[in-house]
Structure formats: structure tokens, C-alpha cells
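In terms of the numbering used here, the sequence shown has 35 at position 8, counting the first letter as 1, and numbering is strictly consecutive.
Here's the structure, in C-alpha cells; my notes come after.
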Amino acid sequence: MTNVTRLRHALPLSQDINKALTDLDVAIAKAVDAAKAAGLPQGLIVAELHGHAHAQTHMMVKA
28 MTNVTRLRHA LPLSQDINKA LTDLDVAIAK AVDAAKAAGL PQGLIVAELH GHAHAQTHMM
88 VKA
């Protein structure tokens with residue numbers, strides 16, 4: 028797992044990374060709000076997010 032970056036070792040984060048992280052957070056929050064407004068059950072939203080997190084983690088550690 029040499030390709031995994033530990034953020035505490037990389038601090039302080041660059042402005043580009045901070046902006047990208049903020050943009051990602053805003054996009055996720057908007058998508059969750061839209062899903063709730065469309066009537067998706069909270070559990071389904073959480074399951075979808077968890078599935079994506081699991082897939083990204085798998086890709087990160089296998090590379």
C-alpha cells in the first residue's frame with residue numbers, strides 16, 4: 028500500500044487540494060440533498076455512498 032497517502036504526513040495541504048476537496052464535499056452534499064428531495068430512502072443513499080467508498084478503497088489498495 029505504498030500508494031496510500033496519509034494526510035497527516037502531507038499537511039499542510041495545497042490550495043488546489045483544499046479546493047478539490049471542498050468542491051467534492053459540496054457536490055456530494057448537493058447530490059444527497061437531491062436524492063432526499065426525490066424521495067430516496069436514507070438507507071439507500073447511505074448504501075450507495077458506502078458502495079462507492081468501498082470500490083474506491085479497493086482500487087486504491089490493489090494498485
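Think of the CB as a built atom: it goes at the ideal place given N, C-alpha and C, for glycine as much as any other residue.
Q. Where A69 and K63 are concerned, what is the direct C-alpha to C-alpha distance, given to the nearest angstrom?
A. Stepping through the sequence shown from its first residue, residue 69 is reached at position 42. Stepping through the sequence shown from its first residue, residue 63 is reached at position 36. Note on residue identity: the sequence assigns Gln, not Ala, to residue 69. Computed Cα separation, rounded: 7 Å.
(Q) Let's see if you can read the secondary structure: which residues bound the alpha helix (DSSP H) around L51? (A) The sequence position of residue 51 within the sequence shown is 24, counting from 1. First-last of the alpha helix (DSSP H) with L51: 42-64.
**Q.** Simplified DSSP state of L71, which is helix, strand or coil
**A.** As a first step, residue 71 is located in the sequence shown; it is residue number 44 there, counting from the start. Helix, per DSSP.
Q. Looking only at C-alpha atoms, which of N45, V53, H85, V59 sits nearest to A15?
A. Because the chain is modelled from 28 through 90, residue 15 falls outside the range shown and cannot be assessed.
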